[in-house]
Amino acid sequence: MPERNDKFDEISEQLDENILAVKGTLELMDASVTEDELRKLLLRAIERMDIIQKLSGDILMALKNCFNKKGDINK
């Protein structure tokens, strides 16, 4: 069980990091002055959102596995 908690903590930390990074990127976009800067910031935000999407999938898979194992234990 501690291994699962460690995995959830790791995923949670990564999600927080990426969400904060996207927020920061969006704030920088608001202050950017050139089209090239804006494009680079948008690409970075898209990359971070891809990471967040993957981590969300990882969380759902881990939760599904937990529920399946709990169901096996209760049988």
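All you need for this note's numbering is the position in the sequence shown, starting with 1, plus 2. Cβ coordinates follow ideal geometry from the N, Cα and C atoms, glycine included.
Limits of the unbroken alpha helix (DSSP H) element including residue i
{"i": "S34", "result": "Where S34 is concerned, there is no enclosing alpha helix (DSSP H), given that its DSSP letter is neither H nor E."}
Contact under 8 Å by Cβ, residue i with residue j
{"i": "L22", "j": "A47", "result": "no"}
{"i": "I54", "j": "I13", "result": "no"}
Expected contact under 8 Å - CB spacing of residue i and residue j to nearest Å
{"i": "L17", "j": "M31", "result": "Not confirmed; about 21 Å, so no contact."}
Residues of its chain near residue i, where Cβ-Cβ distance is below 8 Å and the 5 sequence neighbours each way are ignored
{"i": "F10", "result": "I61, A64"}
Beta-carbon contacts of residue i that lie in its chain and below 7 Å, excluding the five residues immediately before and after
{"i": "L40", "result": "M31, S34"}
{"i": "V24", "result": "A47, R50, M51"}
{"i": "F69", "result": "none"}
Residues near residue i in its chain [Cβ-Cβ closer than 6 Å; skip 5 each side]
{"i": "E37", "result": "none"}
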